[in-house]
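Here the sequence shown is numbered in the numbering used here, starting from 213 and rising by one per residue.
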Amino acid sequence: RGEARQEQSEREQAQPLQPRERARAKEASEMRPLLLKGHTRPLTFIKYNVDGDVLVSCAKDHRPTLWYADSGERIGTYKGHNGATWSCDITRDSTRLVTASADSTVKLWNLTTGECIFTYEFDIPCRSVSFSLGEEFILLTTDAFMGTPPAVRILKHSKNVEDIKQNDEVLYIDNAHPGRITRAIWGRLNEYFLTSCEDGMVRKFETKTGKLLKEVKLHEKSIQMMTMDKEGYTIVTASLDKTSKLVDADTLEVLKTYVCDRPLNTAAVSPLKNHVAIGGGQDAASVTTTAGQAGKFEVVFYHKIFQEMFGTVRGHFGPLNFVAFSPNGKSFTTGGEDGYVRVHHFDTDYFDQEYM
């Protein structure tokens with residue numbers, strides 16, 4: 213009787229999985245994103261804090277939102293802007309948030325309480341904003357408006373709110389960019405900063421004097437996004453000419469080119485692996501007549517060194533506006549024209565693959 217039971221158990225173990233069981237096993241192994249619905253308008257920017265435990269999403273609905281990065285739980289919103297918020301940055305100690313908005317203001321917030329600490333007021337829309345290393349300065353770009361050319365500004369910032377003044381500008385450059393400045397980022401040790409522009413150019417400026425050190429034509433069409441890697445040695449660009457480029461941050465030499473089949477709005481470099489994530493899709497004006505697959509709204513992953521595409525992640529049903537890796541490289545977050553934020557935690561297969 214004991215032998216019969218053993219034979220029966222062996223037969224049961226040898227039986228292949230039924231279709232329903234196979235589907236369950238497949239679902240368990242797939243990445244299941246966290247779908248965060250907190251915005252009513254298209255996403256514009258996503259920023260993790262240094263520790264990677266929270267992230268801030270900006271959108272055209274006037275209200276930046278704070279989320280827990282692991283669970284996707286919404287912590288709160290920052291109320292005060294009257295226009296689209298285009299970008300943001302978080303201090304290294306995760307105490308302050310700075311946001312730039314189309315309502316012509318840059319606001320400093322207490323990250324945890326949501327209190328607006330200070331408002332820099334301008335008479336033109338503000339776009340890109342970022343803290344310097346040490347957080348003594350804020351790098352800001354403003355758009356062309358009513359005859360005023362696009363400009364780069366460096367504002368003074370202090371941990372003591374009483375020391376912050378309204379028109380305390382260290383640097384102002386308004387004669388170097390013929391079109392909209394899409395992004396401005398600090399270089400290493402704040403010695404220089406880089407700007408990307410609608411004319412496909414990346415420009416390098418000296419921080420102390422504002423002198424134009426170098427300008428390079430990287431793309432045939434507008435550069436939609438430019439981000440720097442974790443170490444600060446390279447930048448990656450995303451352009452409407454359907455290419456993304458990895459560029460040396462010091463010399464502006466093109467190191468790698470990632471050719472895609474869609475206009476690109478965003479690109480990011482993984483801090484953990486030699487991977488680059490890029491995304492975009494067809495123009496938002498014609499999305500209503502196109503299926504999600506045909507519109508090419510997926511996140512596309514390329515190998516940073518070999519320049520080969522090895523995977524895509526679907527989800528959004530509109531153009532992809534932003535992608536950001538978590539500081540530890542174990543997850544990434546996307547924001548789309550559909551108003552959704554999607555947090556993807558990589559499964560174990562991503563880390564086990566030798567080629568990866």
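In this text, a Cβ means the ideal position worked out from N, Cα and C, and glycines have one as well. Quantities reported herein were computed from a predicted structural model and do not represent experimental measurements.
- In the three-state scheme derived from DSSP, where H, G and I count as helix and E and B as strand, Gly292 is classed as coil.
- In the displayed model, Leu352 falls within a strand according to three-state DSSP.
- In terms of Cα proximity to Gly295, the closest of Thr311, Ala281, Thr307 and Gly288 is Thr311.
- Taking a C-beta distance under 8 angstroms as the contact criterion, Ile397 and Ala363 do not qualify as a contact pair.
- Buried is the label assigned to Glu510, since at least 16 other Cβ atoms lie within 10 Å of its Cβ.
- If you ignore the 5 residues before and after Ile447, its C-beta comes within less than 6 angstroms of the C-beta of Met438, Met440, Val459 and Ala461, all in its own chain and listed in chain order.
- Within 10 angstroms of the beta-carbon of Asp495 lie fewer than 16 other beta-carbons, which makes it exposed.
- Spanning the alpha carbons of Thr407 and Val555 requires a straight line of approximately 28 angstroms.
- Among the bridge pairs identified by DSSP, Lys377 is matched with none.
- DSSP places Phe563 in the uninterrupted alpha helix (DSSP H) bounded by Thr560 to Asp564.
- The C-beta of Lys416 has 16 or more other C-beta atoms within 10 Å across all chains shown, which makes the residue buried.
- Looking at Val488, Leu476 and Phe518, the one whose alpha-carbon comes closest to that of Gly507 is Leu476.
- Residue ranges of uninterrupted beta strand (DSSP E) with 3 or more members, entirely inside the stretch 500-555 and ordered along the chain, are 511-515, 521-525, 532-537 and 543-548.
- Across the structure, Gly491 and His293 are spaced so that their CA atoms are roughly 28 angstroms apart.
- The C-beta distance from Val535 to Thr478 rounds to 5 angstroms, short enough to meet the 8 angstroms contact threshold.
- Arg400 sits in a helix when the DSSP states are folded into three classes.
- Looking from the CA of Thr331, the closest CA among Lys319, Leu323, Thr325 and Pro337 belongs to Lys319.
- DSSP, reduced to helix, strand and coil, places Val262 outside both helices and strands of the structure shown, so it counts as coil.
- Closest in alpha carbon position to His251, among His431, Gly288 and Val266, is Gly288.
- Here DSSP, grouped into helix, strand and coil, assigns Met438 to strand.
- Take Asn540, set aside five residues on each side of it, and the residues of its chain with a beta-carbon closer than 8 angstroms to its own are Gly264, Pro483 and Leu484, in chain order.
- Minimum Cα-Cα distance from Asn379 among the listed residues Arg308, Ile258 and Glu333 corresponds to Glu333.
- Taking C-beta atoms as the reference points, Glu347 and Ile366 fail to come closer than 8 angstroms.
- The beta carbon of Asn261 is closer than 6 angstroms to those of Ile302 and Ser306 in its chain, skipping five residues each way along the sequence.
- For the set Thr546, Thr419 and Thr277, the Cα lying nearest the Cα of Ala489 is the one of Thr546.
- Between Thr449 and Lys457, the CB-CB gap stays under 8 angstroms.
- Judged by DSSP in its simplified three-state form, Ser482 adopts coil rather than helix or strand.
- Taking Gly412 as the centre and dropping the five residues before and after it, the same chain places the C-beta of Lys429, Leu430, His431, Glu432, Lys433, Ser434, Ile435, Ser451 and Asp453 closer than 8 angstroms to its C-beta, in chain order.
- Separation of the CB atoms of Ser316 and Cys338 is rounded to 6 angstroms, and the pair is thereby assigned contact status at 8 angstroms.
- Annotation for Lys319: the continuous beta strand (DSSP E) segment containing it runs Thr317 to Asn322.
- Just so you know, the alpha carbons of Gly551 and His528 end up roughly 9 angstroms apart.
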